[in-house]
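Asks: This is the structure I have questions about; it appears just below.
There are 2 protein chains.
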Amino acid sequence: MMFSTKAEYGVRVMAHLAKRDDDAPVPLGSIAEAEGLPLAYLEHLVQRLRREGLVESRRGARGGYSLSRPAEAITMAEVVRALEGDIAPIECISADADGRLICARDGEVGHEPCPTKLLWTRVQGSIVRTLSDMTLADLTRSPTPV
Amino acid sequence: MMFSTKAEYGVRVMAHLAKRDDDAPVPLGSIAEAEGLPLAYLEHLVQRLRREGLVESRRGARGGYSLSRPAEAITMAEVVRALEGDIAPIECISADADGRLICARDGEVGHEPCPTKLLWTRVQGSIVRTLSDMTLADLTRSPTPV
DNA sequence: CGTTATCCTAGTTGCGCGGTAGGTATTCCA
DNA sequence: TGGAATACCTACCGCGCAACTAGGATAACG
Chain A
73 MMFSTKAEYG VRVMAHLAKR DDDAPVPLGS IAEAEGLPLA YLEHLVQRLR
123 REGLVESRRG ARGGYSLSRP AEAITMAEVV RALEGDIAPI ECISADADGR
173 LICARDGEVG HEPCPTKLLW TRVQGSIVRT LSDMTLADLT RSPTPV
Chain B
73 MMFSTKAEYG VRVMAHLAKR DDDAPVPLGS IAEAEGLPLA YLEHLVQRLR
123 REGLVESRRG ARGGYSLSRP AEAITMAEVV RALEGDIAPI ECISADADGR
173 LICARDGEVG HEPCPTKLLW TRVQGSIVRT LSDMTLADLT RSPTPV
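Here the protein sequences line up with chains A and B, keeping their order. According to the working numbering, the first sequence is numbered sequentially starting from 73. According to the working numbering, the second sequence is numbered sequentially starting from 73.
Structure, rendered in structure tokens:
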């Protein structure tokens, strides 16, 4: 597998929130119970989502979490990136500030650019593209139209 | 990162072999030295490639490895799958014998199919598609035409 | 004030990645 | 015919990180 359970669980939490799009916050405990996931662990994940501005929290009794934007305005690329960090197929590929892809192996051995760079940048591009083309709202519009 | 160094190193070995497409086998030691990678580790990786029929070996002095097919006939999907195992974005998504994608969470909680399945199957599809559309020969045709 | 919740910091545990080590089998060449 | 040179095989290992758990502090509501 390529993404960890951070992405798996975190996406399920977001999908859960997207279904209840009334503004009332949902306590994480009820999500954990409904999804069968450990609450203490979800707390870590949802903090990442909050720091990236994808969810808002209300503390105290009758508190909980809610989406900070309508589901149509949240791309899955944002969600996954918040949970997993930068999306790169392998270690040596990363994006600089401008989003341009750089390969750590380039110029390492002295001669031409790393021949495998082409492969990994294409893979990276296709992953990011499909994640960016999909919003949270698309997840709620099941049952799965493939 | 999503793929381990198995894929990274293994692809580099294959790319190395693709450049020398004269039929003489290349000893792994020379590849390890040229690429700056540990020989003993590469031996494990190249065994996976051999068991999947992607490379052929000749033992003994003047032995080594060579591609078992022309580079144009080896897709990167085959290479990566030989090295990493089945390609799945997360644990709960896997392919059955017919290549149909199944989600381990489906029907787990009792109600509707897992709403996140749509996301992960799309990601899986896009990864496999880009890996399948590319052959080893494409890697040798650098310098990187993006 | 007590209950319900988020928030924060620290552990803990198991496992798999990224190797090493050492030996055996096979083939070429002088 | 006997080394070299190579592939092949099995076993082992250390360390980092994923996947949690624990326990408390803080805040809001009734």
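Ideal Cβ placement from N, Cα and C applies to all residues, glycine included. Since the structure is predicted, the reported quantities are computational estimates derived from the model, not experimental observations.
(1) Around the C-beta of B:Tyr137, are 16 or more other C-beta atoms found within 10 angstroms, so that it is buried, or is it exposed?
(2) Measure the beta-carbon distance from B:Leu126 to B:Ser140 and round it to whole angstroms, keeping in mind my assumption that it falls under 8 Å.
(3) Out of A:Gly101, A:Gly197, A:Ile165, state which residue places its alpha-carbon closest to the alpha-carbon of B:Ala73.
(4) Counting only C-beta atoms, is B:Ala112 closer than 8 Å to chain A at any point?
(5) Under a three-way DSSP split, which group does A:Val152 fall into?
(6) Considering only residues of the same chain and omitting the five flanking positions on each side of A:Arg122, which have a CB-CB separation below 8 Å?
(7) Ignoring anything shorter than 3 residues, give me the beta strand (DSSP E) runs that lie fully in the region 95-131 of chain A, in order along the chain.
(8) Once the 5 residues before and after A:His88 are set aside, which same chain residues still bring their CB inside 6 Å of it?
(9) If we cut at 8 Å on Cβ distances, does A:Val118 have a partner in chain B?
(10) Determine the burial state of A:Ile199: buried for a count of at least 16 other Cβ atoms within 10 Å of its Cβ, exposed for fewer.
(11) If you follow the alpha helix (DSSP H) that A:Asp138 is in, where does it begin and where does it stop?
(12) Count the other CB atoms, across all protein chains shown, that sit within 10 Å of the CB of A:Arg84; report buried if there are 16 or more and exposed otherwise.
(13) Is there a Cβ of chain B sitting closer than 8 Å to that of A:Thr147, yes or no?
(14) If I measure Cβ to Cβ from B:Ser204 and keep anything under 6 Å in the same chain, skipping five residues before and after, which residues do I get?
(15) Would you mind stating whether B:Leu173 and A:Leu211 have Cβ atoms separated by less than 8 Å?
(16) Looking at the structure shown, is B:Thr212 part of a helix, part of a strand, or coil, going by DSSP?
(17) In chain order, what residues of the same chain have a beta carbon less than 7 Å from the beta carbon of A:Pro110, not counting five sequence neighbours either side?
(18) Does DSSP put A:Thr193 in a helix, in a strand, or in coil?
(19) Would A:Ala154 pass as a contact of A:Glu124 if the rule is Cβ separation under 8 Å?
(20) Residues of chain A with CB under 7 Å from B:Ala79, in chain order?
(21) Identify whether A:Thr77 lies in helix, strand or coil by the three-state DSSP scheme.
(22) Can you give me the Cβ contacts of A:Gly157 inside the same chain, cut-off strictly under 6 Å, excluding the 5 residues immediately before and after it?
(23) Look up A:Leu203 in the DSSP assignment and give the residues it is bridged to.
(24) If we define contact as Cβ-Cβ less than 8 Å, is A:Ser198 a contact residue for chain B?
(25) Which residues in the same chain as A:Val218 place their Cβ atom closer than 8 Å to its Cβ, once the five residues preceding and following it in sequence are excluded?
(26) Just to confirm the assignment, what range does the beta strand (DSSP E) spanning A:Ile146 have?
(27) Starting from B:Ile174, trace the beta strand (DSSP E) in both directions and tell me its first and last residue.
(28) With 16 as the cutoff for other CB atoms within 10 Å, does A:Gly82 come out buried or exposed?
Replies: In brief:
(1) In the second sequence, the residue the question calls residue 137 of chain B occupies position 65. Burial call: buried.
(2) Here residue 126 of chain B refers to the residue found at position 54 of the second sequence. Here residue 140 of chain B refers to the residue found at position 68 of the second sequence. Yes, they are in contact, since the Cβ atoms of B:Leu126 and B:Ser140 sit about 6 Å apart, within 8 Å.
(3) Taking the second sequence and counting its residues from 1, one reaches residue 73 of chain B at position 1. Reading off the sequence shown, one finds Met at residue 73 of chain B, where the question assumed Ala. Comparing Cα-Cα distances from B:Met73 to each of A:Gly101, A:Gly197, A:Ile165, the minimum goes to A:Ile165.
(4) Within the second sequence, numbered from 1, the residue matching residue 112 of chain B stands at position 40. Not closer than 8 Å to any Cβ of chain A, the Cβ of B:Ala112 fails to qualify, so no.
(5) Counted from its first residue, the first sequence places residue 152 of chain A at position 80. Here A:Val152 sits in helix by DSSP.
(6) Counting from one through the first sequence, the residue named residue 122 of chain A turns up at place 50. Counting only Cβ-Cβ distances below 8 Å, and skipping sequence neighbours, we find Glu128, Ser129, Tyr137.
(7) 127-130
(8) The sequence position of residue 88 of chain A within the first sequence is 16, counting from 1. Cβ within range, chain order: Ile103.
(9) Here residue 118 of chain A corresponds to residue number 46 of the first sequence, with the count starting at 1. Taking Cβ atoms only, chain B never reaches closer than 8 Å to A:Val118, which makes this a no.
(10) Locating residue 199 of chain A in the first sequence gives position 127, counting from the first residue. With 16 or more Cβ atoms within 10 Å of its Cβ, A:Ile199 is classed as buried.
(11) Residue numbering aside, residue 138 of chain A sits at position 66 when the first sequence is read from its first letter. Correcting the residue type first, residue 138 of chain A is Ser in the shown sequence and not Asp. Not the alpha helix (DSSP H): A:Ser138 falls in the beta strand (DSSP E), residues 136-139.
(12) Translated into the one-based positions of the first sequence, residue 84 of chain A becomes position 12. With 16 or more Cβ atoms within 10 Å of its Cβ, A:Arg84 is classed as buried.
(13) Position 75 of the first sequence, counted from the start, is the residue given in the question as residue 147 of chain A. Cβ-Cβ to chain B under 8 Å: no for A:Thr147.
(14) Start at 1 with the first residue of the second sequence, and residue 204 of chain B comes out as number 132. Taken in chain order, the residues that qualify are Thr147, Ala149.
(15) Taking the second sequence and counting its residues from 1, one reaches residue 173 of chain B at position 101. Taking the first sequence and counting its residues from 1, one reaches residue 211 of chain A at position 139. For B:Leu173 and A:Leu211, no; Cβs fall outside 8 Å.
(16) Along the second sequence, read from residue 1 onward, the residue named residue 212 of chain B stands at position 140. Three-state result, B:Thr212: helix.
(17) For the purposes of this step, residue 110 of chain A is taken as residue 38 along the first sequence, with counting starting at 1. Taken in chain order, the residues that qualify are Ala104.
(18) Here residue 193 of chain A refers to the residue found at position 121 of the first sequence. Note: A:Thr193 maps to helix in three-state DSSP.
(19) In the first sequence, residue 154 of chain A corresponds to position 82, counting from 1. In the first sequence, residue 124 of chain A corresponds to position 52, counting from 1. Cβ atoms of A:Ala154 and A:Glu124: closer than 8 Å.
(20) Here the question's residue 79 of chain B lines up with position 7 in the second sequence. Those within 7 Å of B:Ala79 in chain A are Ile162.
(21) By 1-based counting over the first sequence, the position of residue 77 of chain A is 5. A:Thr77: helix per DSSP, three-state reduction.
(22) As a first step, residue 157 of chain A is located in the first sequence; it is residue number 85 there, counting from the start. So no residue of the chain qualifies.
(23) Position 131 of the first sequence, counted from the start, is the residue given in the question as residue 203 of chain A. DSSP lists no partner for A:Leu203.
(24) Position 126 of the first sequence, counted from the first residue, corresponds to residue 198 of chain A. True, the Cβ-Cβ gap to chain B drops below 8 Å.
(25) As a first step, residue 218 of chain A must be located in the first sequence, where it is residue number 146. Annotation note: pLDDT 45 at A:Val218 (below 50); position unreliable, coordinate value reported separately. Hits under 8 Å: none found.
(26) Locating residue 146 of chain A in the first sequence gives position 74, counting from the first residue. Taken as a continuous stretch (DSSP letters only), A:Ile146 belongs to no beta strand (DSSP E), as it is neither H nor E.
(27) Working through the second sequence from its first residue, we reach residue 174 of chain B at position 102. First-last of the beta strand (DSSP E) with B:Ile174: 173-175.
(28) The sequence position of residue 82 of chain A within the first sequence is 10, counting from 1. Burial call: buried.
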